[in-house]
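**Student:** The structure follows.
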Amino acid sequence: MKFSVVVFPGSNSDYDAFYAASRVVGEQAELVWHKDTDLKGADAVILPGGFAHGDYLRTGAIARFSPIMAAVKSFADRGGPVLGICNGFQVLLEAGLLPGAMVRNDRIKFVSKIVPVRVEQTDTPFTAACASKQVLNLPIAHGEGNYYAPPDQLDAIEKNRQVIFRYTDPAGEVGADWNPNGSLNSIAGICNRQRNVVGLMPHPERASELALGSADGRVVLASVVKALAEGALRHA
Amino acid sequence: MKARVYVTLKPSVFDPQGHVVAEALVTLGYQDVKDVRQGKFFEVELADADPATAKARVTEMADKLLANPVIESYRVEVLQ
């Protein structure tokens, strides 16, 4: 299968995602410039971390208008698996491909550390190879990862099982002390209603080999390989 | 002609930056400060048009780009 990794001006985890997809998971991968208008035959798309367009105005607000985003949207509409990591998650929120918004971390700090993250649902292309309630140790590195959705929307997200990752303690228990940024309901990642678009603030691609401090993130990209092999996804 | 757009977080959204600014003001001795909400201010320079049209255009801009309607509200003023 083939991963396409979108490169925005200011992306900085694009090569990390490319490396994890190609060298660690062992699949084809290609970097796609944000001014391109096609996804080069992607089976899965990654919007990587970084500071697209300098995060001017709001995180992800300008990237949403990059020419490639029309192709990403139609790929997502056809059921293609799309993963937004950190800044990529913020872009998906601004683009309306995922519900809600990000505000500044509650303690006004850029937080960079490895945190425990619990997998809430395994019926998405990016968690298909995870065990239910599995706790992954994944790095976070963001200043605006404080997830917000209006109360009625938040209720709907929970009811539809759209919360895919939650910040927890190492044993998988949710608690205020283990919520690094003030996100509502300790939300670290969500999916859309159709479950093919997933966004998360932690960086699985930066935790794909033990040399990086954790190899727990590998399962996220390996999941999409499994999901596609099982034909769970219909797109193209 | 010019238009001004004021963007602020909705009252239901916690504003961590405004909170820190409020704390700093209290530390400076302004004990009467109860809260601060921080926002954004845009001055948009436009080709001349009648004020109603200009206001409609800038409102559209605010809705599409300058504000994120999920968390922010905005106010548009057109200057004569």
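These protein sequence lines are chains A and B, in that order. All residue numbers in the first sequence are consecutive under my numbering, ending with 237. All residue numbers in the second sequence are consecutive under my numbering, ending with 1120. No residue lacks a Cβ here, since even glycine has one placed at the ideal position from N, Cα and C.
Under 7 Å between the Cβ atoms of B/Phe1082 and B/Leu1119?
**Tutor:** Going by C-beta atoms, B/Phe1082 is not nearer than 7 Å to B/Leu1119.
**Student:** On the three-state DSSP scale, how would you describe A/Asn138?
**Tutor:** Note: A/Asn138 maps to strand in three-state DSSP.
**Student:** By the criterion of Cβ-Cβ separation under 8 Å, what are the contact partners of B/Pro1056 in chain A?
**Tutor:** Result: Val104, Arg105, Asn106, Asp107, Arg108, Ile109, Asn147, Gly183.
**Student:** Could you spell out where the beta strand (DSSP E) holding A/Arg219 opens and where it closes?
**Tutor:** Here A/Arg219 belongs to no beta strand (DSSP E); instead the alpha helix (DSSP H) covers 219–230.
**Student:** Nearest to A/Phe76 by alpha carbon, out of A/Tyr168, A/Leu211, A/Val198?
**Tutor:** It is A/Val198 whose Cα lies nearest to the Cα of A/Phe76.
**Student:** I need the boundaries of the beta strand (DSSP E) containing B/Ile1048, first residue and last residue.
**Tutor:** Per the sequence shown, residue 1048 of chain B should be read as Thr rather than Ile. Start and end: 1042–1049.
**Student:** Confirm, please, whether the CB-CB distance from A/Ala72 to A/Ser12 is below 7 Å.
**Tutor:** Not a contact, by the Cβ cut-off of 7 Å.
**Student:** Out of B/Lys1095, B/Val1073, B/Ser1052, B/Arg1044, point me to the one whose CA is closest to B/Ile1111's CA.
**Tutor:** Comparing Cα positions, the closest option is B/Ser1052.
**Student:** How big is the Cα-Cα spacing for A/Asp178 and A/Pro171?
**Tutor:** So the two alpha carbons sit approximately 12 Å from each other.
**Student:** Can you give me the start and stop residues for the beta strand (DSSP E) that A/Asn147 sits inside?
**Tutor:** Note, A/Asn147: beta strand (DSSP E), 147–149.
**Student:** Tell me the DSSP secondary structure of A/Ala96 in three-state form.
**Tutor:** Three-state DSSP puts A/Ala96 in coil, outside helix and strand.
**Student:** Measure the alpha-carbon distance for B/Gln1071 versus B/Glu1063 and round it to whole angstroms.
**Tutor:** Taking the straight line from one Cα to the other gives about 9 Å.
**Student:** Chain B partners of A/Glu95, CB-CB under 8 Å?
**Tutor:** Here the neighbours are Asn1108.
**Student:** Contact check, A/Ala142 vs A/Tyr168 under 8 Å by CB: the rounded distance?
**Tutor:** Not a contact, Cβ separation roughly 14 Å.
**Student:** Count the other CB atoms within 10 Å of the CB of A/Ile109; is the residue buried (16 or more) or exposed (fewer)?
**Tutor:** Per the 10 Å Cβ criterion, exposed.
**Student:** Contact check, A/Asn138 vs A/Pro117 under 8 Å by CB: the rounded distance?
**Tutor:** Between A/Pro117 and A/Asn138 the Cβ distance is about 6 Å, and since that is below 8 Å, they are a contact.
**Student:** Suppose you measure from the CA of A/Val220 to the CA of A/Asn186; what does that come to, to the nearest Å?
**Tutor:** Straight-line Cα distance between these residues: approximately 24 Å.
**Student:** Indicate the three-state DSSP secondary structure (helix, strand or coil) for B/Lys1074 in the structure shown.
**Tutor:** Residue state, collapsed to three classes: coil.
**Student:** Under 7 Å Cβ to Cβ from B/Asp1088, same chain only, skipping five residues before and after it: list those, please.
**Tutor:** Counting only Cβ-Cβ distances below 7 Å, and skipping sequence neighbours, we find Met1041.
**Student:** Only counting the same chain, and skipping five residues up and downstream in sequence, which positions put a Cβ closer than 8 Å to that of B/Val1098?
**Tutor:** Closer than 8 Å at Cβ, skipping near neighbours: Ala1043, Val1045, Val1084, Leu1086, Val1116, Val1118.
**Student:** With 16 other CB atoms within 10 Å as the buried threshold, where does A/Val26 fall?
**Tutor:** So A/Val26 counts as buried.
**Student:** Quick check for students: name the residue ranges of the beta strand (DSSP E) that lie wholly in the segment 130–214 of chain A, counting only runs of 3 or more.
**Tutor:** Runs found: 136–143, 147–149, 164–168, 188–192, 198–201.
**Student:** Comparing alpha-carbon positions, which option in A/Lys227, A/Pro205, A/Phe9 lies nearest A/Lys114?
**Tutor:** Nearest option by C-alpha distance: A/Pro205.
**Student:** May I ask you to list the residues that DSSP assigns as paired with B/Arg1115?
**Tutor:** Answer is B/Tyr1046, bridged to B/Arg1115.
**Student:** For B/Ala1092, count neighbouring Cβ atoms within 10 angstroms of its own Cβ and tell me buried if that reaches 16, exposed if not.
**Tutor:** The residue is exposed, with fewer than 16 neighbouring Cβ atoms inside 10 Å.
**Student:** Determine, for A/Arg194, whether the minimum Cβ-Cβ distance to residues of chain B falls below 7 Å.
**Tutor:** No, A/Arg194 lies away from the interface with chain B (no Cβ there is under 7 Å from its Cβ).
**Student:** Report the rounded CA-to-CA distance for A/Ala237 versus B/Phe1054, giving the unit in angstroms.
**Tutor:** Here A/Ala237 scores only 43 on pLDDT, less than 50, and its place in the model should not be relied on; the value that follows carries that caveat. Between A/Ala237 and B/Phe1054, the C-alpha separation is close to 41 Å.
**Student:** Give the DSSP bridge partners of A/Ala45, in chain order.
**Tutor:** DSSP lists A/Phe4 as partners of A/Ala45.
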